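Asker: This is the structure I want to talk about, given as structure tokens.
Structure follows, in structure tokens:
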């Protein structure tokens, strides 16, 4: 069965709309594209095809986001979070091989609940902050992010919660998220070449969504450049809250 046989024109049009919206949100707050894509595409496509569909748009938009301030700044962010990246990548590769074997419902719920608590607590004006990066906390968040990413293709929320708790400035947080997610995107594609998710036909579908995702991200950037640090933080927390609720929904309802 080839790519044209997998989807109808209505399916493709809906997928492009979902990718455009995901791009707008990512341009505004720097994350949530995999969450929106896997949720949106998964509502009318097979889970494996939805997971494959998010891969190339996520890869392309993360490359743009990570390199927006130049290669030198991106390398500096890479050096700062090398421990996070290493641990996260190992967990992503390991958990990706369990797709279709290990139910992700428990993991999704376990991660979603504290994310909702964190976002609500912050939005109520009761900050939970880290004065400086802790190696133990960094490793713990990397394990969560990598494991969730391998199983579901969504690894952003734990990363955002960690960076928000560190009170990272807007421009730096956008860049760091881009660099971390870029390498995570590459690892996700490589990891799933052995799981059966990445095929010639599924990647053709994923490639169709790239232009829409990039166009949406361009619009999101225009909106993000107009808001200050406080507004950016609130927007990030609102999207993080929605991400956590979505993880719980997926964990409970499937």
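Numbering (our numbering), first residue to last: 2 to 255.
Ideal placement from N, C-alpha and C gives every residue a C-beta, glycine not left out.
All values derive from a computational prediction rather than experimental measurement.
(1) Would you give the residue range spanned by the alpha helix (DSSP H) that residue 170 belongs to?
(2) With DSSP as the reference, label residue 229 as helix, strand or coil.
(3) Could you work out which residue in 169, 188 and 245 is closest to residue 234 when comparing CA atoms only?
(4) Pull up the CB-CB distance for residue 26 and residue 20, whole angstroms please, since I reckon it's below 8 Å.
(5) Going by beta-carbon coordinates alone, are residue 208 and residue 57 separated by less than 7 Å?
(6) What separation, rounded to the nearest whole angstrom, lies between the Cα atoms of residue 15 and residue 219?
(7) Could you tell me whether the region 62-81 touches the region 180-199, where touching means 3 or more Cβ pairs closer than 8 Å?
(8) Under a three-way DSSP split, which group does residue 156 fall into?
(9) Pick out the complete alpha helix (DSSP H) segments inside the region 192-218, 4 residues or longer, and give them in chain order.
(10) Could you check what DSSP says for residue 28 in three-state terms: helix, strand or coil?
(11) What would DSSP say about residue 118, mapped onto helix, strand or coil?
(12) Relative to the C-alpha of residue 147, which candidate in 48, 97 and 244 has its C-alpha closest?
(13) The alpha helix (DSSP H) spanning residue 47 covers which residue range?
(14) By Cβ distance, which residues of its chain are closer than 6 Å to residue 213, with the 5 residues on each side in sequence left out?
(15) Write down the C-beta distance between residue 136 and residue 84 rounded to the nearest angstrom, noting that I regard them as a contact closer than 8 Å.
(16) What is the DSSP secondary structure of residue 135, reduced to helix, strand or coil?
(17) Buried or exposed: where does residue 3 fall if 16 or more other Cβ atoms within 10 Å of its Cβ makes it buried?
(18) Does residue 73 pass the burial test, meaning 16 or more other C-beta atoms within 10 Å, or should it be called exposed?
(19) Measuring only the C-alpha atoms, how far is residue 49 from residue 196?
(20) Going by other Cβ atoms of all chains shown within 10 Å of its Cβ, with 16 needed for buried, is residue 51 buried or exposed?
(21) By Cβ distance, which residues of its chain are closer than 6 Å to residue 140, with the 5 residues on each side in sequence left out?
(22) Just to confirm my understanding: we take residue 106, look at its own chain, exclude 5 residues before and 5 after, and list those with CB closer than 8 Å. What are they?
Answerer: On the basis of the data shown:
(1) As a working note, residue 170 is residue 169 in the chain shown. Taken as a continuous stretch (DSSP letters only), residue 170 belongs to no alpha helix (DSSP H), as it is neither H nor E.
(2) The residue you call residue 229 lines up with position 228 of the chain shown. In this structure, residue 229 counts as coil in the three-state DSSP scheme.
(3) Counting from one through the chain shown, the residue named residue 234 turns up at place 233. Of 169, 188 and 245, the residue nearest in Cα terms is 169.
(4) Within the chain shown, numbered from 1, the residue matching residue 26 stands at position 25. Within the chain shown, numbered from 1, the residue matching residue 20 stands at position 19. That pair is no contact at about 11 Å.
(5) As a position in the chain shown, residue 208 is number 207, starting the count at 1. As a position in the chain shown, residue 57 is number 56, starting the count at 1. Result yes, Cβ atoms of residue 208 and residue 57 sit closer than 7 Å.
(6) Reading the chain shown from its first residue, position 14 is the one you call residue 15. Reading the chain shown from its first residue, position 218 is the one you call residue 219. Approximately 20 Å, taken between the alpha carbons.
(7) yes
(8) In the chain shown, residue 156 corresponds to position 155, counting from 1. Three-state result, residue 156: coil.
(9) 201-209
(10) Here residue 28 corresponds to residue number 27 of the chain shown, with the count starting at 1. Helix at residue 28.
(11) One-based indexing of the chain shown puts residue 118 at position 117. DSSP places residue 118 in helix when its eight states are reduced to three.
(12) Translated into the one-based positions of the chain shown, residue 147 becomes position 146. The option with the nearest alpha carbon to residue 147 is 97.
(13) Residue 47 sits at position 46 when you count from the first residue of the chain shown. No alpha helix (DSSP H) contains residue 47, which DSSP labels as neither H nor E.
(14) Locating residue 213 in the chain shown gives position 212, counting from the first residue. Closer than 6 Å at Cβ, skipping near neighbours: 17, 20 and 21.
(15) Against the chain shown, residue 136 aligns to sequence position 135. Against the chain shown, residue 84 aligns to sequence position 83. Contact holds; Cβ gap of about 7 Å.
(16) Start at 1 with the first residue of the chain shown, and residue 135 comes out as number 134. Coil.
(17) Along the chain shown, one-based indexing puts residue 3 at 2. At residue 3, the pLDDT of 48 sits below 50, so the modelled position is not reliable; the number obtained from the coordinates is stated separately. Its Cβ having fewer than 16 others within 10 Å, residue 3 is exposed.
(18) What you label residue 73 is simply residue 72 of the chain shown in a count that begins at 1. By the 10 Å Cβ count, residue 73 comes out exposed.
(19) Taking the first residue of the chain shown as 1, we reach residue 49 at position 48. Taking the first residue of the chain shown as 1, we reach residue 196 at position 195. Rounded to the nearest angstrom, the two C-alpha atoms are 10 Å apart.
(20) In the chain shown, the residue the question calls residue 51 occupies position 50. So residue 51 counts as buried.
(21) Sequence index remark: in the chain shown, residue 140 carries index 139 (1-based). Once the five neighbours on either side are set aside, the close Cβ partners of residue 140 are 88.
(22) Position 105 of the chain shown, counted from the first residue, corresponds to residue 106. Once the five neighbours on either side are set aside, the close Cβ partners of residue 106 are 251, 252, 253 and 255.
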